[in-house]
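Novice: This is the structure, below, for whatever I ask next.
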Amino acid sequence: MPLADGATAAGFKIVRLLGSGPAGEVYLAEHPRLPRRHALRILSAEVSADPEYRARFIQESDLAAALWHPHIVGLHDRGEYDERLWLSVDYIDGATAAQLVRDSYPEGMPPHVVVEIVARIADALDYAHDHGLVHRRVKPGNVFITQPESDERRIVLADLGIAHLDDVNGVTTTNLTVGNVSYAAPEQLMDRLVDGRADQYALACTAFHLLTGSPPFVHGNPAVVISKHLSESPPLPGDVRPQLAPFDGPISRALAKEPGDRFPRCRDFANAVKAAHSKPVLSRSEPPAAPGDPETDTVAAHTRGLAELPDAREGAIAPPVSAPVDLAGDHGPQPNAEIGDAVTSPEPAISSAITDDRPVTSGRRLAPRAASVVLAVAVVLIGFLVVVALRSRSDFHPAPADVETPRSATSIAPPPPMPVTTIAVPSAPATLPAITGLPISGTPAPTTTTPSPIATMRTPSATTRPTTTMPSSPSPAPAAGIDSQPAVGMPCSPQQTGATTISNSGAPVSCVGTPGGFAWEPAGG
Numbered sequence: 033m034p035l036a037d038g039a040t041a042a043g044f045k046i047v048r049l050l051g052s053g054p055a056g057e058v059y060l061a062e063h064p065r066l067p068r069r070h071a072l073r074i075l076s077a078e079v080s081a082d083p084e085y086r087a088r089f090i091q092e093s094d095l096a097a098a099l100w101h102p103h104i105v106g107l108h109d110r111g112e113y114d115e116r117l118w119l120s121v122d123y124i125d126g127a128t129a130a131q132l133v134r135d136s137y138p139e140g141m142p143p144h145v146v147v148e149i150v151a152r153i154a155d156a157l158d159y160a161h162d163h164g165l166v167h168r169r170v171k172p173g174n175v176f177i178t179q180p181e182s183d184e185r186r187i188v189l190a191d192l193g194i195a196h197l198d199d200v201n202g203v204t205t206t207n208l209t210v211g212n213v214s215y216a217a218p219e220q221l222m223d224r225l226v227d228g229r230a231d232q233y234a235l236a237c238t239a240f241h242l243l244t245g246s247p248p249f250v251h252g253n254p255a256v257v258i259s260k261h262l263s264e265s266p267p268l269p270g271d272v273r274p275q276l277a278p279f280d281g282p283i284s285r286a287l288a289k290e291p292g293d294r295f296p297r298c299r300d301f302a303n304a305v306k307a308a309h310s311k312p313v314l315s316r317s318e319p320p321a322a323p324g325d326p327e328t329d330t331v332a333a334h335t336r337g338l339a340e341l342p343d344a345r346e347g348a349i350a351p352p353v354s355a356p357v358d359l360a361g362d363h364g365p366q367p368n369a370e371i372g373d374a375v376t377s378p379e380p381a382i383s384s385a386i387t388d389d390r391p392v393t394s395g396r397r398l399a400p401r402a403a404s405v406v407l408a409v410a411v412v413l414i415g416f417l418v419v420v421a422l423r424s425r426s427d428f429h430p431a432p433a434d435v436e437t438p439r440s441a442t443s444i445a446p447p448p449p450m451p452v453t454t455i456a457v458p459s460a461p462a463t464l465p466a467i468t469g470l471p472i473s474g475t476p477a478p479t480t481t482t483p484s485p486i487a488t489m490r491t492p493s494a495t496t497r498p499t500t501t502m503p504s505s506p507s508p509a510p511a512a513g514i515d516s517q518p519a520v521g522m523p524c525s526p527q528q529t530g531a532t533t534i535s536n537s538g539a540p541v542s543c544v545g546t547p548g549g550f551a552w553e554p555a556g557g
């Protein structure tokens, strides 16, 4: 039966009952000689009669009495009253963390307060562990907070150095309660040897409770709670409240089933919790879409037209469909347009005839060079075609021994001027005009001979140079009425070397070797 207010026990005056349980009662009591109040814990007669427990009680109280830490409730004295063991400890005028959650924070305490509580209790536990004490009962009910609404609150750990029944006899049906097992480490529940990492597990369960409003494993049957501690993966704070997801990592590690998988010390766990609190909370939104294939995106954009190109992803540059071709011979890198804007170059466009499927080059800088190159190529081709036409009319067979009487002189009319074809850069394939046969004066009716068309110029690819293919053309048979007298410079055959005849202009010519081959040249010249 609890003691009445005002009664005297072990020399202390009882002020009021603070709490009671199977192991005994706790009273607020006044010191018999000093103006100071203590918390007086008086154990039950049954517990006090256990010899093994009494030995453990003396051993742990001796260790606890030697400790002093700002976050540990100090032990002042011990003794025996009416065959009952007792302890006097600091009286903390405040509330337990369990009371604060129940009365003020049913959905969980503010994270910054929990971080502070974990840091203070972890520091206290490491201090106790360094002095050979393991708490074994870390839970919200043993964490006291003075002036909880003030920035000057004090956070202390109670019940350190007080032996419990399960510390001696293990978990039994007499002490098997939900409150006892909700924060116990698996090795402790299996009655194995424990160390400071068991207190770390209990501190992680306490942190989970303070953050979310309930312990990790909740069930009305203590045996079910024990089974969950032993076999189930612990829930994560982020599963209860998404904004608590940064705490998932530290708490998950501290709640590992094997002690070796936890943090080395409680302080390490507290530091991880503090670091997690400083991390920004990321919303659980859909992940960004994976970037597509640049080549596929570019082709699709061209099929829709340049005006409908999609916006470019930041920093992405679309590869060109084909490498730009610079006909002027400038093979340096050209700027590429980004997806999302109209495809432009640093200078104005060459022509509106440029279509979507051709690369873009700088027009103003390239056009003069291209025109010059095209003009030069056209002149060379014209000269080459003239020579081919002349050669096609020559007789490549050996000349007869007797030479015909020269006829009246004739002249070859110059070829008509060839129009200059301007090719846009890059442009569609262009075909040079056909070269007609050269009319010869003095004939009854000029006959026009058209050689085979020349090969069409093709726009070179990124790795080829412009080429012109000349298909072979059969030599046409001499038309009726055509003067067969050779002209100066007309080719002759090697078999005619040294032969002399009269040219169509009436001047004597001889077949001689020249740098360009055998040709009819003025005699003696």
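Heads up, the sequence shown is in this note's numbering, so the first residue is 33 and it goes up one at a time.
Think of the CB as a built atom: it goes at the ideal place given N, C-alpha and C, for glycine as much as any other residue.
Predicted model, so just to flag it, every value in this text is computed and none were measured.
#1: Three-state secondary structure (DSSP) at S559?
#2: Return the residue from the list R134, P296 and G245 that minimises the CA-CA distance to R273.
#3: The beta strand (DSSP E) that contains K45, what's its start and end?
#4: Looking at the unbroken alpha helix (DSSP H) that takes in A151, where does it start and where does it end?
#5: Helix, strand or coil for S214 per DSSP?
#6: Using the C-alpha atoms, what's the distance from R134 back to P54?
#7: Taking the C-alpha atoms as reference points, what is the distance between P547 and Q517?
#8: Once DSSP output is grouped into helix, strand and coil, what is the label at P274?
#9: DSSP on L189, reduced to helix/strand/coil?
#10: Distance check for P526 and S535, CA to CA, integer angstroms please.
#11: Within a Cβ cutoff of 8 Å, which residues of the same chain sit near D261, ignoring the five residues on either side of it in sequence?
#12: Going along the chain, which residues of its own chain have a beta-carbon closer than 6 Å to the beta-carbon of H167, five neighbours each way excluded?
#13: With H, G and I counted as helix, E and B as strand and the rest as coil, what does DSSP make of D109?
#14: If you draw a straight line from the alpha carbon of V47 to that of A36, how long is it in whole angstroms?
#15: Look at the Cβ atom of Q91, then the Cβ atom of G126, and state whether they are nearer than 8 Å.
#16: Rank A410, P143, P254 and V175 by C-alpha distance to the C-alpha of A277 and give the top, closest one.
#17: Can you find the residues in the same chain that come closer than 6 Å, C-beta to C-beta, to P320, ignoring five residues on each side of it along the sequence?
#18: Distance check for Q275 and H161, CA to CA, integer angstroms please.
#19: Based on the DSSP output, what are the partners of Y233 in its beta bridges?
#20: Using C-beta distances below 6 Å, list every residue in its chain close to H429, excluding the 5 sequence neighbours before and after it, in chain order.
#21: Give me the residue from E264, T238 and D280 with the minimum Cα distance to G169.
#22: When DSSP labels each residue in this structure, what does E219 get in the three-state scheme?
#23: Rounded to whole angstroms, what's the CA-CA distance from L417 to V411? Just pull it up for me.
#24: When DSSP labels each residue in this structure, what does D94 get in the three-state scheme?
#25: Taking the alpha helix (DSSP H) that V133 belongs to, which residues open and close that run?
#26: Just to confirm my understanding: we take A96, look at its own chain, exclude 5 residues before and 5 after, and list those with CB closer than 7 Å. What are they?
#27: Going along the chain, which residues of its own chain have a beta-carbon closer than 7 Å to the beta-carbon of F240, five neighbours each way excluded?
#28: Tell me the rounded alpha-carbon separation between G252 and I258.
#29: Is the beta carbon of V150 closer than 8 Å to that of P305?
#30: Which one or two residues does DSSP pair with V565 in a beta bridge?
#31: Tell me where the alpha helix (DSSP H) around I283 begins and ends.
#32: Please return the same chain residues whose Cβ sits closer than 7 Å to the Cβ of E115, not counting the five positions on each side in sequence.
#33: Using the C-alpha atoms, what's the distance from G228 back to C298?
#34: Suppose you measure from the CA of G38 to the CA of G111; what does that come to, to the nearest Å?
#35: Give me the Cα-Cα distance between T532 and G415, rounded to the nearest whole angstrom.
Specialist: According to the data block:
#1: Lying outside 33 to 557, the shown extent of the chain, residue 559 is not represented and no answer is given.
#2: G245
#3: DSSP places K45 inside the beta strand (DSSP E), whose first and last residues are F44 to G53.
#4: P143 to D162
#5: coil
#6: 23 Å
#7: C-alpha separation (whole angstroms): 23 Å.
#8: helix
#9: strand
#10: 18 Å
#11: According to the sequence provided, residue 261 is His. The question's Asp does not apply to it. Once the five neighbours on either side are set aside, the close Cβ partners of H261 are V213, A216, A217, P218, L221 and F249.
#12: These residues qualify, in order along the chain: L192 and D231.
#13: strand
#14: 9 Å
#15: no
#16: P143
#17: Low per-residue confidence applies at P320: pLDDT is 40, beneath 50, and the placement is therefore not dependable enough to give any value.
#18: Their backbone Cα atoms lie some 33 Å apart in a straight line.
#19: Looking at the DSSP assignment, Y233 forms no beta bridge with any residue, so it has no partner.
#20: Only weak support exists for where H429 lies, its pLDDT of 45 falling under 50; the coordinates are left without a value.
#21: First, the amino acid is wrong: residue 169 is Arg here, not Gly. Comparing Cα-Cα distances from R169 to each of E264, T238 and D280, the minimum goes to T238.
#22: helix
#23: 10 Å
#24: helix
#25: A129 to D135
#26: L107, L165, L192 and G193
#27: P247, P248, P269 and I283
#28: 11 Å
#29: Residue identity check: residue 305 is Val in the sequence provided, not Pro. Yes, they are a contact pair.
#30: This structure cannot settle anything about residue 565, because the visible part of the chain is limited to 33 through 557.
#31: In this chain, the alpha helix (DSSP H) harbouring I283 covers D280 to A286.
#32: Cβ neighbours of E115 beyond the five flanking positions: A77 and S80.
#33: For C298 and G228, the distance between alpha carbons rounds to 8 Å.
#34: 20 Å
#35: Spanning the two alpha carbons is a distance of roughly 27 Å.
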